[in-house]
Structures are given as C-alpha cells and as structure tokens.
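**Q**
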Amino acid sequence: AVMLVLAAVGCDKESENIRVTLDDIVGEWHLVEMNNKEVPFSVYIVFNDDESFDIYQQVYELSYVKYSGNYTLEGAILEGSYLDGYDWKNSYKVSIQSSPKCLILKGDDEVLVYEPCAVPDDVKAEAEGTRAIDAERHL
Numbered sequence: 133a134v135m136l137v138l139a140a141v142g143c144d145k146e147s148e149n150i151r152v153t154l155d156d157i158v159g160e161w162h163l164v165e166m167n168n169k170e171v172p173f174s175v176y177i178v179f180n181d182d183e184s185f186d187i188y189q190q191v192y193e194l195s196y197v198k199y200s201g202n203y204t205l206e207g208a209i210l211e212g213s214y215l216d217g218y219d220w221k222n223s224y225k226v227s228i229q230s231s232p233k234c235l236i237l238k239g240d241d242e243v244l245v246y247e248p249c250a251v252p253d254d255v256k257a258e259a260e261g262t263r264a265i266d267a268e269r270h271l
C-alpha cells in the first residue's frame, strides 16, 4: 500500500495531454487516489480497444463486483454507460502522465488517479461469482 501512495503522489493532476487517444487509455488500471487522498476501497478498471469496459470494485461490499459497459472518448472527454443502461455519474476530462504513468480522470466533483496494474486473477474470479443488487457504482 505504501508503494501505491508513493506512485500516486508522483502523478501531476494538473498535467494536460490534449491529444489523448484510445491507445493511451486501453489497458488495466487500479485506482490509487481520489480527491488527493488514498482510497479506502479497491477499484480496477479495464478499458478494451473495442470501447467496452469492465470495472471490478470492492467499494461497500465484502466481495468484488463486476460491472461492464461501453465508453466513448471524444477529444479528452471520456463518457460511459453500463450494460443495464445507467450512465456514469460524470463525464471525465482525461489526461495521461507518462512518468510515472498515470491515468487522471477529472469529473465535476472528483479527481481520480489510476496507475497501470493488471487485474489479479483472484479478483476476476471473485467478481464473476458475485452480484450486487443495489451496490454503489464507482463511476
């Protein structure tokens, strides 16, 4: 956990990358900071090159829960909707920092910082076996 905090501190939330492309965001990411604070929960997000996403989150549940959907990236604006039709709670201005590599999403009332990190197999397995009825969604 200490390494994650140190990595997050190195991300400059004010950096701008106005030429964000799908290639920049496609991959697996782990949330390390929210509004300049270490997060007390765990969220992984996978952006696929077909503009689909999977979120594995352990926010208010004991087990990881998986949500899937589709996203669009227009310019530096990232938006998404879940497969059940619900939209993300924000549109996000995206920036990428290269060293250390970070994905920064700025919403109306939040700044989310992710670092590259493969989703662990045990998280995927746990999420496939659980479903939350009314769980709070991360995005």
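Letter by letter, the sequence shown follows residues 133 to 271 in this note's numbering. Positions of the beta carbon are idealized from the N, C-alpha and C atoms, including for glycine.
Determine the direct distance from the alpha carbon of Asn168 to that of Phe185, and round the result to whole angstroms.
**A** Distance between the alpha carbons of Phe185 and Asn168: 25 Å.
**Q** Return the chain-ordered list of same chain residues with a C-beta closer than 8 Å to the C-beta of Ile157, the five sequence neighbours on each side being excluded.
**A** Same-chain partners within the cutoff: Phe179, Leu205, Leu210, Val226, Ile228 and Leu235.
**Q** Hey, could you find the ends of the beta strand (DSSP E) Lys221 is sitting in?
**A** Premise fails: Lys221 is in no beta strand (DSSP E) and is neither H nor E.
**Q** Tell me Pro248's beta-bridge partners as DSSP assigns them.
**A** Partner(s): Trp161.
**Q** Would you give the residue range spanned by the beta strand (DSSP E) that Glu206 belongs to?
**A** Here the beta strand (DSSP E) through Glu206 covers Val197 to Glu206.
**Q** By how many angstroms is the C-alpha of Glu160 removed from the C-alpha of Pro232?
**A** If you take the alpha carbons of Pro232 and Glu160, they lie about 15 Å apart.
**Q** Which residue or residues does DSSP assign as beta-bridge partners of Asp186?
**A** According to DSSP, which records beta bridges pairwise, Asp186 is partnered with Val178 and Ser200.
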